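First comes the structure, then the notes that go with it.
Protein chains: 2
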Amino acid sequence: MYVVCVTIWVKPGHEEEFRRATEANHRGTRTEPGNVRFDVLAAVDDPARFFLYEVYRSAEDFAAHQRTPHYLAWKAAVADWMAQPRQGVKHTSLWPVDESF
Amino acid sequence: MYVVCVTIWVKPGHEEEFRRATEANHRGTRTEPGNVRFDVLAAVDDPARFFLYEVYRSAEDFAAHQRTPHYLAWKAAVADWMAQPRQGVKHTSLWPVDESF
Numbered sequence: 000m001y002v003v004c005v006t007i008w009v010k011p012g013h014e015e016e017f018r019r020a021t022e023a024n025h026r027g028t029r030t031e032p033g034n035v036r037f038d039v040l041a042a043v044d045d046p047a048r049f050f051l052y053e054v055y056r057s058a059e060d061f062a063a064h065q066r067t068p069h070y071l072a073w074k075a076a077v078a079d080w081m082a083q084p085r086q087g088v089k090h091t092s093l094w095p096v097d098e099s100f
Numbered sequence: 000m001y002v003v004c005v006t007i008w009v010k011p012g013h014e015e016e017f018r019r020a021t022e023a024n025h026r027g028t029r030t031e032p033g034n035v036r037f038d039v040l041a042a043v044d045d046p047a048r049f050f051l052y053e054v055y056r057s058a059e060d061f062a063a064h065q066r067t068p069h070y071l072a073w074k075a076a077v078a079d080w081m082a083q084p085r086q087g088v089k090h091t092s093l094w095p096v097d098e099s100f
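Chains as they are written, first to last, in numbering that gives the first Met the number 0: chain A, 0 to 100; chain B, 0 to 100.
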């Protein structure tokens with residue numbers, strides 16, 4: 000699997016609208032044939048910190064995600080709410096094996 | 000869900016033994032009743048960088064994990080291979096809802 004891990008810090012006061020926009024992106028992304036997971040997490044110790052755990056079957060599937068209307072709408076909506084640039088790290092999965100995802 | 004995200008940097012030359020030790024920890028953790036996922040990832044751009052995505056039903060289940068023989072064996076095995084302290088961030092999940100994990 001091709002896994003993109005994104006850490007996000009939101010400007011104070013924009014947490015709720017960030018959550019709403021990201022829920023819509025979650026729902027849209029989960030309909031993509033190449034997407035396996037799109038988990039949205041909130042940090043326990045920092046209300047402005049969020050994490051996206053995005054699992055795709057391949058790097059090409061992630062590239063396709065970045066062309067979807069729901070991703071582009073999310074990207075535009077959240078741009079002004081970022082407290083700092085998002086930190087995205089790309090991975091390949093070791094365990095579980097792909098068939099077990 | 001209670002989700003622990005751990006970023007790990009391994010000293011050069013210890014990547015393979017780190018992978019073997021972590022596969023054993025993955026297998027043991029997945030047998031815990033309170034564990035939902037234990038994904039082990041390798042960064043695409045840095046062969047020494049790894050990521051653990053650990054999903055538990057509750058904070059108490061994570062505390063129980065930290066008392067298991069497989070976790071304690073892993074912790075002791077990898078201690079000397081860390082290039083810097085591990086970075087663990089604790090989260091609660093927003094989406095999907097718990098029943099869909």
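We treat Cβ as the ideally placed atom computed from N, Cα and C, and that holds for glycine. Keep in mind it's a predicted model, so treat the numbers as computed, not measured.
Handout entry: Residues bridged to Q86 (chain A) [DSSP beta-bridge criterion]
Key = Within the first sequence, the letter at position 87 stands for residue 86 (chain A). DSSP lists A:T6 as partners of Q86 (chain A).
Handout entry: Contact the segment 74-90 of chain A vs the segment 3-13 of chain A: 3+ CB pairs below 8 angstroms
Key = The segment 74-90 of chain A makes contact with the segment 3-13 of chain A: 3 or more CB pairs, one atom from each, lie closer than 8 angstroms.
Handout entry: 8 angstroms CB neighbourhood of P68 (chain A) in its chain, flanking five on each side removed
Key = Your numbering for residue 68 (chain A) matches position 69 in the first sequence. Counting only Cβ-Cβ distances below 8 angstroms, and skipping sequence neighbours, we find G27.
Practice task
Step through the CB atoms of chain B and report whether any lies within less than 7 angstroms of the CB of V39 (chain A).
Solution key: By 1-based counting over the first sequence, the position of residue 39 (chain A) is 40. Yes, contact with chain B.
Problem - Within chain B, partners of Y52 (chain A) - CB distance below 7 angstroms - result: As a position in the first sequence, residue 52 (chain A) is number 53, starting the count at 1. Residues of chain B passing the Cβ test: Y52.
Problem - E16 (chain B) at chain A interface by Cβ criterion, 7 angstroms - result: Counting from 1 along the second sequence, the entry for residue 16 (chain B) is found at position 17. So no, E16 (chain B) is outside the interface.
Problem - Helix, strand or coil at D38 (chain A) [DSSP, three-state] - result: Position 39 of the first sequence holds residue 38 (chain A). The answer is strand: DSSP assigns D38 (chain A) an E or B state.
Practice task
To the nearest angstrom, report how far apart K74 (chain B) and E31 (chain B) are at their CA atoms.
Solution key: Within the second sequence, the letter at position 75 stands for residue 74 (chain B). Within the second sequence, the letter at position 32 stands for residue 31 (chain B). Rounded to whole angstroms, K74 (chain B) to E31 (chain B) spans 17 angstroms at the Cα level.
Practice task
Go ahead and label T21 (chain A) buried or exposed: buried means 16 or more other beta carbons lie within 10 angstroms of its beta carbon, across all protein chains shown.
Solution key: One-based indexing of the first sequence puts residue 21 (chain A) at position 22. Buried.
Exercise for the section: Compare the C-beta of A75 (chain B) against all C-beta atoms of chain A and say whether one is closer than 7 angstroms. Expected result: For the purposes of this step, residue 75 (chain B) is taken as the residue at position 76 of the second sequence. With 7 angstroms as the cut-off, A75 (chain B) does not count as an interface residue toward chain A.
Practice task
Would you mind working out which of B:R19, B:D44, B:R48 sits nearest A102 (chain B), comparing C-alpha positions?
Solution key: The structure shown has nothing for residue 102 (chain B), since chain B only spans 0 to 100.
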